[in-house]
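Enquirer: Chains as they are written, first to last, in our numbering: chain A, 233 to 498; chain B, 3 to 424; chain C, 181 to 590.
We put the beta carbon where it would ideally sit given N, CA and C, even for glycine.
Here it is: the structure, laid out below.
Quick look at the structure:
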């Protein structure tokens, strides 16, 4: 088999570890605006990149990172590149602002970019993005590319033209083998993305980087089907506090356990 | 060869019992504590090694009886003209071995001071608790519960706040007090307190001293809950923790004295603690002197003992000069507490200002020179086996309790400069 | 602007890669060390050893200076001093002990593998220990010290702990109850200054598994939990002739200067963490009967201001030392002794200041200052331990006097 071409689709999101108070819901503009939160790679996408690096270490090949957005942070992309990718492709345009793109539009842009920058044998995405948590783009991309997909992977290996994927189940894992080309959505069980060395940081700036506009991919303005957000409001949080009393701490504990069972929490 | 007995103390202040007291405690320190103290830090939770020397001194030697009247089985120091000088000797000798033990053992006596010291003796309460302290060879732990979650040492800032920030409440219900509140940090808690004295208010937010109450609470009463001990930088022998009081009921007469007097005698025990804890500082410094003396004799620089280097000698001199002065100041403070007929009431703003001044001044000086000698010993300064680093950690902790340095400064400035808004 | 950026440093002198490395390390230590601190405290196996492995082997700090052909990153120009400062500052912010160990490795690399001075035979012998495999290599030094052996040969007033003899098969080292600077229990490589009869001292690199090294039990100490230190005996330890890094003073002074840079940066980083702790305290604590936010009280604000001043100056000094090492000529090029003296002065200044600063911070925080939960006390213990390992300040002052007053007999 020729050199394995791996693609990792990544999304830049506001750091999900930021405090909830920093995310402001603007109902009038129908936008969520993070304040003072630095952009990062979506954590499951980091797992996908780590999975790709491990496949490359074991089977050889090269890794291309692909991202769609507007005003993507160079620092975020370079940091990810330095971790072990070989090439960066971005689709950047004001129309690609992720606030405005829904999952289908994003998958459409990614599919067009894959056709332009590919072919790729193995496409990895995170199982879901940290901002929307929709989990639709990866499988949508596979559908648009007409290739098979395996979701929620905890481990990915490639041997010749076949991938062996361990998918995460609530009570264990399942092993799936599939021929390449293949798309796999990756979960955190794969492991954290490694930290880059100084040499890799220096080298990242010299790696090939290409930026496309939607028009370069044959997608004219207005051709993207975008869902319209008709209403956006912050959840109304009601806190109810109930004190569980008892004759003794043990008695109170037993009553608490009974209530938790009643509410099917335990 | 010089020893710690060459460090000066004012012989004309010493109590008649000093000749007996000092050797007993020193013998206890040398045989029961010092051989084991290097493992104490790891024993902070269980007190497997720490408990036996505490039990021996307090329970078996009976030091916990010190303040009780003789006719109740005690030693009668509560009404002695040498109570604080004697406590200074005790504190110094205990802290020479381990200041955490000194704090823990000393604090067992501390809350009792509100009822056992002349001129404010509460005979009924002494009779009530004498059996607990005097009819046993087991160690009893007493605790004074002041600090609360919000405001921290604000409660100790009595002059400014007049008890208005106290959140722990004592509500009269028939012939009982019902106490509710949450206290942080008292020494001898963390699960070990047998008797608590709790600073409460009968009227939250009030600035009337009559509403400040000191109430005795046996540690095993329903509604008293102690957390496990906090993990700290040192002083493993002194356990600190949270204390929660939920509808704790005690008889009305468990209040130390009564409206107005409780607030005054709370000030008294703060003032006493500020003065007497200087004994811990000089005790630690004396042990550092002993260990330092060994080091500078054994260790060579340019083929000669380290102490023979003029630059090193300068640091050594600074150390002992500081120790000499701190010891003198400490004994002077104890003497002032003993002789309120000469120096004024212990709970007066003047005495509070002066005791706080001595306390923070001596701690500052001690920390300065102790840090320098630790560094002088290079890698061995940080080595547990040399004992210096333990005292260096402990002295800092000793400085920080009772509200920290800034509170001491404010109390001092307030009185000496007649500040009105600090 | 991040809280760190409030404290000025010559960011324009750092290359983009230095900044990226620092940012990556900042994120890494936050996630791998600081966020796990309350749970794992100072657990060596659970927290510190894995973090050390990540820093040294995965991020590759132990490969930084070595030539690419030997598996290194060949980041070995003098400007690497800035890289060292930026990296160790971030690590020191999380754990001074980890930064202390990294400072040993980076100093040795800088002294042995700097561009233009890397002796091929030595690099070939030693670089594989740093660059092959994915295991962290812990480097420790055996430096001159005050000792109980009154007859030990001296280097700048202190006794040399180990003696070495040169023979046809290389060097043979002997020394009893030797105290290394760190990790006597588990270091993989010792850099040892050795006395050689009738000749100039030799700095010899001794692999930790060399026959004849016996390690005592790890001893307890004030701080630096990442360093499991123990005394050593060297009994006829043999190493190849190539393992002698240099003879005489020049190389050793250079090594120490880089070591002090690492310690200065570690101290600066720790003080940035101290700032974060007292800032949180000052923002959230309310005193005087809930009437005043802590930082708004004139007395406490003055002290907090002084703490910030000390930290700001210490950070500038640490980076100034990086600047000196990156371009000694710009400072007069008076040779390695001048650089060493400057480095020694700056690092002592920072550690005296650090002790002062943390004492003031602890006083502001009262009991929380010594509670493990608030973390401040760990920086206090760690920095004091580093200061002790730096050597007695009183004796360092003699080094200053030698340089500035040309003393002859100190």
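Would you mind sorting residue 257(A) into buried or exposed? The rule is 16 or more other CB atoms within 10 Å of its CB.
Expert: By the neighbour-count rule (16 or more Cβ atoms within 10 Å), residue 257(A) is not buried but exposed.
Enquirer: For residue 302(A), which residues in the same chain have their Cβ closer than 7 Å to its Cβ, ignoring the five residues on either side in sequence?
Expert: 324, 325, 326, 328, 329
Enquirer: In its own chain, which residues sit with a C-beta less than 7 Å from the C-beta of residue 329(B), not counting the 5 before and 5 after it?
Expert: 9, 10, 11, 284
Enquirer: Determine, for residue 1(B), whether the minimum Cβ-Cβ distance to residues of chain C falls below 8 Å.
Expert: There is no way to answer for residue 1(B), as the model of chain B reaches only from 3 to 424.
Enquirer: For residue 414(C), write down the residues that DSSP places opposite it in a beta bridge.
Expert: 355(C), 393(C)
Enquirer: Name, in chain order, the residues that DSSP records as bridge partners for residue 184(B).
Expert: 246(B)
Enquirer: If you pair each beta-carbon of the region 284-304 of chain C with each one of the region 415-429 of chain C, do three or more pairs fall below 8 Å?
Expert: yes
Enquirer: Relative to the C-alpha of residue 402(A), which residue among 385(A), 391(A), 394(A), 410(A) is closest?
Expert: Nearest of 385(A), 391(A), 394(A), 410(A) to residue 402(A), Cα basis: 385(A).
Enquirer: May I ask you to verify whether the region 405-422 of chain C touches the region 491-498 of chain C, counting CB pairs closer than 8 Å and requiring at least 3?
Expert: Three or more beta-carbon pairs separated by less than 8 Å are not found between the region 405-422 of chain C and the region 491-498 of chain C, which leaves the two stretches without contact.
Enquirer: Verify the CB distance criterion: does residue 267(A) have a CB-CB separation below 8 Å to chain C?
Expert: Not an interface residue.
Enquirer: Please go through the region 310-384 of chain A and give each complete beta strand (DSSP E) segment of 3 or more residues, from N-terminal end onward.
Expert: 319-324, 354-358
Enquirer: What does residue 339(C) pair with, by DSSP beta-bridge criteria?
Expert: DSSP links residue 339(C) through a beta bridge to 325(C), 334(C).
Enquirer: Between the alpha carbons of residue 336(A) and residue 372(A), how many angstroms are there, rounded?
Expert: 7 Å
Enquirer: Is the separation between the beta-carbon of residue 633(C) and that of residue 227(C) shorter than 8 Å?
Expert: Here chain C covers residues 181 to 590 and nothing more, so residue 633(C) does not appear.
Enquirer: Span of the beta strand (DSSP E) holding residue 426(C)?
Expert: 424-427
Enquirer: For the region 284-298 of chain B against the region 317-328 of chain B, are there 3 or more C-beta pairs whose distance is under 8 Å?
Expert: Inter-segment contact for the region 284-298 of chain B and the region 317-328 of chain B is present: three or more beta-carbon pairs are separated by less than 8 Å.
Enquirer: Determine the chain B residues that contact residue 557(C) at a beta-carbon separation under 7 Å, and present them in chain order.
Expert: 235
Enquirer: Quick check: what's the CA-CA separation for residue 447(C) versus residue 583(C)?
Expert: Cα to Cα, residue 447(C) sits roughly 25 Å from residue 583(C).
Enquirer: Taking buried to mean at least 16 other C-beta atoms within 10 Å of its own C-beta, is residue 358(C) buried or exposed?
Expert: buried
Enquirer: For residue 588(C) and residue 408(B), I'd like the C-alpha separation in whole angstroms.
Expert: 47 Å
Enquirer: Leaving out five residues on either side along the sequence, give the residues of the same chain with a beta carbon under 8 Å from the beta carbon of residue 354(B).
Expert: 161, 269, 272, 273, 276, 413, 417
Enquirer: Take residue 288(C) and list the residues in its own chain whose beta-carbon comes closer than 6 Å to its own, dropping the five residues that flank it on each side.
Expert: 319, 371
Enquirer: With a threshold of 8 Å between beta carbons, is residue 263(C) in contact with chain A?
Expert: yes
Enquirer: Taking C-beta to C-beta, are residue 272(C) and residue 403(C) nearer than 8 Å?
Expert: no
Enquirer: Near residue 329(C), what residues of its chain come up, given a Cβ to Cβ distance below 7 Å and the 5 sequence neighbours on each side ignored?
Expert: 339
Enquirer: Would you say residue 288(A) reaches chain C, if we count a Cβ-Cβ gap shorter than 8 Å as a contact?
Expert: no
Enquirer: At a Cβ cut of 9 Å, what residues of the region 238-250 of chain C count as close to chain A, listed as they run along the chain?
Expert: 238, 239, 240, 241, 243, 244, 248
Enquirer: Given a cut-off of 8 Å on the beta-carbon distance, is the pair residue 492(B) and residue 106(B) in contact?
Expert: Only positions 3 to 424 of chain B appear in this structure, which leaves residue 492(B) out of reach.
Enquirer: Below 8 Å on the Cβ atoms is my guess for residue 238(C) versus residue 506(C); work out the distance and round it to an integer in Å.
Expert: With 8 Å as the limit, residue 238(C) and residue 506(C) do not qualify as a contact, their Cβ atoms being about 26 Å apart.
Enquirer: Near residue 75(B), what residues of its chain come up, given a Cβ to Cβ distance below 7 Å and the 5 sequence neighbours on each side ignored?
Expert: Taken in chain order, the residues that qualify are 67, 132, 136, 137.
Enquirer: Helix, strand or coil for residue 40(B)? Go by DSSP, reduced to three states.
Expert: Assigned with DSSP and collapsed to three states, residue 40(B) falls in helix.
Enquirer: Would you check if there are 3 or more beta carbon pairs closer than 8 Å linking the region 368-381 of chain B to the region 188-197 of chain C?
Expert: no
Enquirer: Classify residue 267(A) as helix, strand or coil using the three-state DSSP reduction.
Expert: It is coil, neither helix nor strand.
Enquirer: Leaving out five residues on either side along the sequence, give the residues of the same chain with a beta carbon under 7 Å from the beta carbon of residue 563(C).
Expert: 276, 447, 450, 531, 534, 535, 538
Enquirer: Buried or exposed, going by whether 16 or more other CB atoms sit within 10 Å of the CB of residue 241(B)?
Expert: buried
Enquirer: Which of the residues in the region 391-403 of chain C, read from start to end, lie with their CB under 8 Å from any CB of chain B?
Expert: 399, 400, 401, 402, 403
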